[in-house]
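Participant: Below you'll find the structure I mean.
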Amino acid sequence: VEITVDVANPSVELSPHLYGLFFEDINFAADGGLYAELIQNRSFEYHGVNGNDPAGRDMHPLFAWEKVERDGARCLLEVSSDSPIHANNPHHAVLRISKPGSAGIRNLGFDGIRLDDGARYDFSLYARVSDWQGPARLDVVIEDANGKVAGTAKVEGIGEGWAKFDTEIFSRLTSDVGRLIVSTPGQGTLHLDMVSLFPQDTWKARKGGLRKDLVETLQNLNPKFMRFPGGCIAHGQGLENAYSWKDTVGDVAERKPNWNLWGYHQTYGLGYFEYFLLCEDLGMAPLPVVPVGVSCGFRPPQQAVPMEEMDGCVQDALDLIEFANGPVDSEWGAVRAGMGHPEPFGLEFICIGNEPHDNELFRERFPLFVKAVREAHPDLKIIGTSGLGWQIPIYDLMAEQEVYSADEHYYESPEWFLGNVARFDSFDRSKPKIFIGEYASKGSSMFNAVAEAAYLTGVERNADIVDMTCYAPLFGHAHHSQWNPDMIYFDKRTVVRSANYHVQQMFSQHKGDVFLPNTVRRARHHAVATVAGSVGFGSWRTSVEVEDLKVNGVAVDPSLWRSRGGQFLGEGSRWSQTDVAFEGALRLSNERYAGKTVAYTLRARKTGGDEGFLIAFGG
Ligand code: AHR
83 VEITVDVANP SVELSPHLYG LFFEDINFAA DGGLYAELIQ NRSFEYHGVN GNDPAGRDMH
143 PLFAWEKVER DGARCLLEVS SDSPIHANNP HHAVLRISKP GSAGIRNLGF DGIRLDDGAR
203 YDFSLYARVS DWQGPARLDV VIEDANGKVA GTAKVEGIGE GWAKFDTEIF SRLTSDVGRL
263 IVSTPGQGTL HLDMVSLFPQ DTWKARKGGL RKDLVETLQN LNPKFMRFPG GCIAHGQGLE
323 NAYSWKDTVG DVAERKPNWN LWGYHQTYGL GYFEYFLLCE DLGMAPLPVV PVGVSCGFRP
383 PQQAVPMEEM DGCVQDALDL IEFANGPVDS EWGAVRAGMG HPEPFGLEFI CIGNEPHDNE
443 LFRERFPLFV KAVREAHPDL KIIGTSGLGW QIPIYDLMAE QEVYSADEHY YESPEWFLGN
503 VARFDSFDRS KPKIFIGEYA SKGSSMFNAV AEAAYLTGVE RNADIVDMTC YAPLFGHAHH
563 SQWNPDMIYF DKRTVVRSAN YHVQQMFSQH KGDVFLPNTV RRARHHAVAT VAGSVGFGSW
623 RTSVEVEDLK VNGVAVDPSL WRSRGGQFLG EGSRWSQTDV AFEGALRLSN ERYAGKTVAY
683 TLRARKTGGD EGFLIAFGG
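Numbering (my numbering), first residue to last: 83 to 701.
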């Protein structure tokens, strides 16, 4: 291959933010994934997910929990909403212990709890007792699936009012199917909530933090921005289910969990503060996606906040900007500071909407956000949305609203990606820039990854108009994915980087500052071609073997050829010149020409393309 590069005349500058991440809590990417909590349904808030769980599981407040009665204990396990620890966390577990012994509850984790020999864990819970007799004590045990004890801890001094208790547990064994048991020798009514177990070995050793191996896998991509928290979950299935950032900040016991339209639950332990912090840690520009008051159009019936109530939605977006950037004496800046980050997060972009359907509901509401954000924060770059598969009319709305860029998405075949490498070459430069906020070629082969790489060459050539790209989805749980393919697969112990990951990494780690015009010319002897011919020797039952083939005098391996009926197909070298001479011998077998060898010579003229030659032999 000969590559000629015009180093003196760069054609476009590449954005510093060209390669980034799109994080959505799909495929258990957050709870059970990046968020390192080991207890599933820690706050007893699970409930049905409107039939969205692909596995059809019955979610309920005691999901992943079991009652434990040992040493003669008898008890009832219930869920109550009386006197909750916080209105956002209304349910808790109640154990009514009629006979003492060792009565308690066991959590099964996310398909079991990962335990590691020698590892330390932070355990915490909220507890209170009523009508109590005996020791007001809790015994905390981590064990493997056979009941072999890995570690123990004690919590003492449980009183009649809710209180939080923390302790540490040390594991002496390794298991992928560990459990946690909290039990008591006392008798009476025991109330429990926010039962939590975290490995201490988290990313940056933060308490209640993120899985280190998964964050490191992201870090190694060298990402320059992160779009979050979705995707479809930003709008939700119906307005009730929309992602409200305010539910996701503050003390984790006071966050308001939500069900997830991908079929499971979100604790929001990984919430907006943690997203901003992750961006800061990895040097990524945060790209929060705010819903526009219209629910996900792919999950009808689509609902919309009445126009007269839209001020509240718009204010939520403005408050988010204040949470990220506001001074510590502002209402939401104070919340950020209270969570341990008085410095602003330096938000530069805000994404308004995700994959809208082109209808009045969206067209009426979108401009309200643009106007309000622009008035309050003229320097903030507004990223609009043009939808799934380039909904051009919506792109026109983006142009009319003069947004900084429009977020377009595509999940297509690898051939589609190859066929669209030139998509941006003729793009109208007077319209907003393009943010490719979600894309992937359908399939999980090396070909998919190569097709995406090819597409990115077209992006870099047009980096003046395309300034951000991110593959989607980012994470897929090996056993609980609602969407394939994904860039990174994981289970509780393993991380698998797909071929697509390596493409992203290659482009991101080797991104240039500018694009240099270039031409690529394939040299004759390295190119590949497909040559197909048909033989018309009078019978369909003719079998043809290529005995000898020379192309322009160069011998081609005849074993690469195969005959099919009266045709033969072969792969040899591809010749870049237009005039080609074929010569050789064919062995023919049919009733007329049994085992005959026919010599041939032929000259072909190629009229276009590099796809090879069709050669017809006859008579
Ligand atoms: O990436 C998965 C989903 O695909 C996103 O939630 C949505 O925006 C798109 O349709």
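Beta carbons: idealized from backbone N, C-alpha and C, even for Gly. The structure presented is a predicted model; accordingly, all values stated were derived computationally and were not measured.
Between the alpha carbons of G130 and M141, how many angstroms are there, rounded?
Facilitator: Cα-Cα distance, rounded: 5 angstroms.
Participant: From T249 to L96, what distance separates their C-alpha atoms?
Facilitator: Their Cα atoms are separated by approximately 50 angstroms.
Participant: Tell me which residues share the same chain as N600 and place their Cβ nearer than 8 angstroms to its Cβ, disregarding the 5 neighbours each side in the sequence.
Facilitator: Around N600: I85, T86, V87 and D88.
Participant: Any chance the region 156-172 sits against the region 328-338, with 3 or more Cβ pairs inside 8 angstroms?
Facilitator: Counting Cβ pairs under 8 angstroms, three or more are found: they touch.
Participant: Could you check whether the Cβ of C314 sits closer than 7 angstroms to any heavy atom belonging to ligand 1?
Facilitator: Flag set: Cβ of C314 near ligand 1.
Participant: Please report the straight-line C-alpha distance between V613 and V532, rounded to a whole angstrom.
Facilitator: Low per-residue confidence applies at V613: pLDDT is 42, beneath 50, and the placement is therefore not dependable, though the value from the model is reported in the following sentence. Rounded to the nearest angstrom, the two C-alpha atoms are 24 angstroms apart.
Participant: Please find out if some non-hydrogen atom of ligand 1 comes closer than 7 angstroms to the beta-carbon of F491.
Facilitator: Residue identity check: residue 491 is His in the sequence provided, not Phe. True, at least one ligand heavy atom lies under 7 angstroms from that Cβ.
Participant: Flag S590 as yes if its beta-carbon sits less than 8 angstroms from any beta-carbon of chain B, otherwise no.
Facilitator: Structure shown: chain B not included; a single protein chain is present.
Participant: With DSSP as the reference, please indicate the residues paired to W341 in a beta bridge.
Facilitator: According to DSSP, which records beta bridges pairwise, W341 is partnered with H347.
Participant: Throw me the rounded Cβ distance for the R178 and L158 pair, which I believe falls under 8 angstroms.
Facilitator: R178 to L158, Cβ: 4 angstroms. Contact.
Participant: Do you know offhand how far V578's Cα is from A535's?
Facilitator: When rounded, the distance between both Cα atoms is 19 angstroms.
Participant: Would you tell me roughly how many angstroms separate the C-alpha atoms of V596 and G115, rounded to the nearest one?
Facilitator: Cα to Cα, V596 sits roughly 37 angstroms from G115.
Participant: So if DSSP puts G365 in a beta bridge, which residue, or which two residues, is it bridged to?
Facilitator: None, per the DSSP bridge assignment.
Participant: For ligand 1, is there a heavy atom less than 7 angstroms away from the beta-carbon of L103?
Facilitator: Incorrect: L103 has no Cβ contact closer than 7 angstroms to ligand 1.
Participant: Along the chain, which unbroken stretches of the beta strand (DSSP E) at least 3 residues long are found entirely within the region 357-405?
Facilitator: Whole beta strand (DSSP E) segments, 3+ residues: 367-372.
Participant: Just mark N544 as buried or exposed, buried being the case when its beta carbon has 16 or more other beta carbons within 10 Å.
Facilitator: Buried.
Participant: Residues in the same chain with beta-carbon distance under 8 angstroms from E413, minus the five sequence neighbours each way, listed in chain order, please.
Facilitator: Hits under 8 angstroms: D401 and E404.
Participant: Tell me, please, whether the region 512-524 touches the region 479-499 by the rule of three or more beta-carbon pairs shorter than 8 angstroms.
Facilitator: Touching, yes, given that three or more Cβ pairs across the two stretches are closer than 8 angstroms.
Participant: Got a sec: does ligand 1 put a non-hydrogen atom nearer than 7 angstroms to the Cβ of N436?
Facilitator: Yes, ligand 1 has a heavy atom inside 7 angstroms of this Cβ.
Participant: So which of C433, F589 and R124 has the shortest CA-CA distance to M480?
Facilitator: Among C433, F589 and R124, the Cα nearest to that of M480 is on C433.
Participant: Between the Cα of F557 and the Cα atoms of R293, R219 and I263, which residue gives the shortest distance?
Facilitator: Closest option to F557, Cα to Cα, is R293.
Participant: Would you check whether ligand 1 has a heavy atom nearer than 7 angstroms to the C-beta of L116?
Facilitator: No, the Cβ of L116 stays beyond 7 angstroms of every heavy atom of ligand 1.
Participant: On the premise that K524 lies in contact with Y493, defined as a C-beta separation below 8 angstroms, what is that separation, rounded to the nearest angstrom?
Facilitator: Their Cβ separation, rounded to whole angstroms, is 6 angstroms, which keeps Y493 and K524 in contact under 8 angstroms.
Participant: In its own chain, which residues sit with a C-beta less than 7 angstroms from the C-beta of R575, not counting the 5 before and 5 after it?
Facilitator: Contacts found: R196 and D258.
Participant: In the region 97-144, which residue ranges form an unbroken alpha helix (DSSP H) of at least 4 residues, counting only runs that do not cross its ends?
Facilitator: You should have found no qualifying run.
Participant: For the 8 angstroms Cβ check, are there 3 or more pairs between the region 258-273 and the region 148-167?
Facilitator: Because the criterion of three Cβ pairs below 8 angstroms is met, the region 258-273 and the region 148-167 touch.
Participant: Starting from M550, follow its DSSP beta bridges and name the residues at the other end.
Facilitator: DSSP, once it has assigned bridges, lists F517 as partnering M550.
Participant: What's the C-alpha gap between P382 and G313?
Facilitator: If I take the Cα positions, the gap works out to 16 angstroms.
Participant: Tell whether a beta-carbon distance below 8 angstroms holds between M366 and P409.
Facilitator: No, the Cβ-Cβ distance between M366 and P409 is not below 8 angstroms.
Participant: Rounding to the nearest angstrom, what Cα-Cα distance links A245 and V176 in this structure?
Facilitator: Their backbone Cα atoms lie some 15 angstroms apart in a straight line.
Participant: State yes or no: is the C-beta of L369 nearer than 7 angstroms to some heavy atom of ligand 1?
Facilitator: L369: no, Cβ never under 7 angstroms from ligand 1.
Participant: So is the beta-carbon of L303 under 7 angstroms away from any non-hydrogen atom of ligand 1?
Facilitator: Not so, every heavy atom of ligand 1 lies at least 7 angstroms from the Cβ.
Participant: Quick check: what's the CA-CA separation for K632 versus G666?
Facilitator: Spanning the two alpha carbons is a distance of roughly 6 angstroms.
Participant: Over the uninterrupted beta strand (DSSP E) stretch that includes L279, give me the two end residues.
Facilitator: Run containing L279: Q269 to P281, per the beta strand (DSSP E) assignment.
Participant: Using the beta-carbon count (16 or more within 10 Å), is N566 buried or exposed?
Facilitator: Exposed: under 16 other Cβ atoms inside 10 Å.
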